[in-house]
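Before any comments, here is the structure.
Number of protein chains: 2
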Amino acid sequence: MAEQKATNITWHGGAIGRADREKLLGQKGATVWFTGLSGSGKSTIAVAAEAELLKRGRLAYVLDGDNVRHGLNKNLGFSPEDRTENIRRIGEVAKLFTESGVLVFTSFISPYRADRDSARELFEAGDFLEVYIEADVETCEGRDPKGLYKKARAGEIPEFTGISAPYEEPEKPELVVPTQSQTVEESVAQVVAFLEEKGYLDAPKG
Amino acid sequence: MAEQKATNITWHGGAIGRADREKLLGQKGATVWFTGLSGSGKSTIAVAAEAELLKRGRLAYVLDGDNVRHGLNKNLGFSPEDRTENIRRIGEVAKLFTESGVLVFTSFISPYRADRDSARELFEAGDFLEVYIEADVETCEGRDPKGLYKKARAGEIPEFTGISAPYEEPEKPELVVPTQSQTVEESVAQVVAFLEEKGYLDAPKG
């Protein structure tokens, strides 16, 4: 009897797929890829959008420097190769979350178009939404919530995006969030309304 | 007016934490770390347990070779360093899923005790559940669902766990699933019952 059982390693319950998880959650998984300068408002808006979605009974999760740089990517530095690998891993992890049915916000400067495009290429159409959190350097430097611009101007941070390293603006982002001309509340509402209009807050049909 | 708005990048909506996501999902996030030989039944049981949890309205997700080796870890080979890095990254990603509130099953042989212990160390107590999917080499070789043992015996796969590379059994796993003496259905029921008894299928209190 045990012999017979031992050969039985096939399950007949039917495989679960992404759509099943999405139906449970009442939403569609997607990666909402925030890009923009330091101080543009990426993390603030991502965290607040997560809160707003939760209020509506939807599951979102923010990937940012706090939970990625000190964990998964702690063995990466700031060389060009490491920066590219940093973004690649974030893209792959975001893809796994998307597959699980979660709405994942990635909150990283991700200054290079090529890196963002490489991340996009990992995804099926509609699963990757590039969102430009737009504010110019002067505005971001004026906010300087972490005092990083001050340090960069003092030469204490080499290759600081917007000061001594380039930021390549998105050419065809799915959404532009102009944080110079609207409040955080308005920016959050814009992001959530966008997701709602595009159907991400509804379960897949069928 | 725009000037004033531009400096307002603080959100007053209150931060969302793991417990909020878990309440939405009606469960507690955790990493259920399956370990065992090739052919022991890890993936079969993980996939079926996910299906069973979904039936109960709980969100689970399986990380396995299919979605990790060809994505996040595609730049890793099979050297000792790369094997260790492979397990490290899986641990870090599983931790992110756990933080998001998802019940994540990792389905990898993960033959070395030190690597599994390193993964465990990433987690808070109770967030990491090591589950030994137990079957001896003879049984697994008899099943050989992917024909890998045959290839390993023919010398076509170097350092094959159980044949030409060691498997270090867990010393204090949270659960042992004896797949030689019970059916897949019984193993799945055992895993789900364990999660239920330990409270993972309930939302956190408070």
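Chains A and B, in that order, are what the protein sequence lines are.
Going by this note's numbering, the first sequence opens with residue 1, and the numbers climb by one from there.
Going by this note's numbering, the second sequence opens with residue 1, and the numbers climb by one from there.
The C-beta atom is built at its ideal place from N, Cα and C for all residues, glycine as well.
Span of the beta strand (DSSP E), counted from its first residue to its last, around residue i
i, result
"B:F160", "Counting along the chain, B:F160 falls outside any beta strand (DSSP E), and DSSP gives it neither H nor E."
"A:A135", "It is not in any beta strand (DSSP E) - A:A135 carries neither H nor E in the DSSP assignment."
Bridge partner(s) assigned by DSSP for residue i
i, result
"A:L63", "A:T106"
"A:P178", "A:E134"
"A:L129", "A:V32"
Amino acids of chain A, ordered along the chain, whose beta-carbon sits closer than 8 Å to that of residue i
i, result
"B:N67", "L96 and E99"
"B:A189", "Ordered by position in chain A, no residue passes the 8 Å Cβ test against B:A189, which lies about 11 Å from the chain."
"B:E50", "I16"
Interface partners of residue i on chain A, CB under 9 Å
i, result
"B:G36", "Correct list: empty, because the minimum Cβ distance to chain A is about 12 Å."
N- and C-terminal bounds of the alpha helix (DSSP H) containing residue i
i, result
"B:F97", "P80 to S100"
"A:E124", "Per DSSP, A:E124 belongs to no alpha helix (DSSP H) and is neither H nor E."
"B:L148", "L148 to R153"
"B:A46", "K42 to K55"
Which of helix, strand or coil DSSP assigns to residue i
i, result
"B:K172", "coil"
"A:A30", "strand"
"A:E3", "In this predicted model, A:E3 has a pLDDT of only 36, less than 50, meaning its place in the structure is not dependable; the value taken from the coordinates is given anyway. Correct three-state label for A:E3: helix."
"A:T183", "coil"
"A:I9", "With a pLDDT of 42 at A:I9, under the threshold of 50, the predicted position of this residue should be treated as unreliable, and no value is reported."
"A:G17", "coil"
"A:G199", "coil"
"A:V188", "helix"
"A:H70", "helix"
"A:S38", "coil"
"A:K23", "helix"
"B:G206", "coil"
"A:G77", "coil"
"A:R58", "coil"
"B:D117", "helix"
Interface partners of residue i on chain B, CB under 8 Å
i, result
"A:V93", "L72, V93 and L96"
"A:L54", "I16, D20, R21 and L24"
Residue i Cβ short of 7 Å to the ligand NAP heavy atom set
i, result
"B:L195", "Judged by which ligands are present, the structure shown has none, so any question about the ligand NAP falls away."
Within chain B, partners of residue i - CB distance below 9 Å
i, result
"A:L59", "R21, L24, L25, L59, S100, G101 and V102"
Cross-chain neighbours of residue i in chain A, by beta carbon under 7 Å
i, result
"B:R89", "L72"
| task | Would you list, in chain order, the members of the stretch 16 to 35 of chain A that have their beta-carbon closer than 8 Å to a beta-carbon of chain B? | result | Those residues of the stretch 16 to 35 of chain A that come within reach of chain B (Cβ to Cβ, closer than 8 Å) are I16, D20, R21, L24 and L25.
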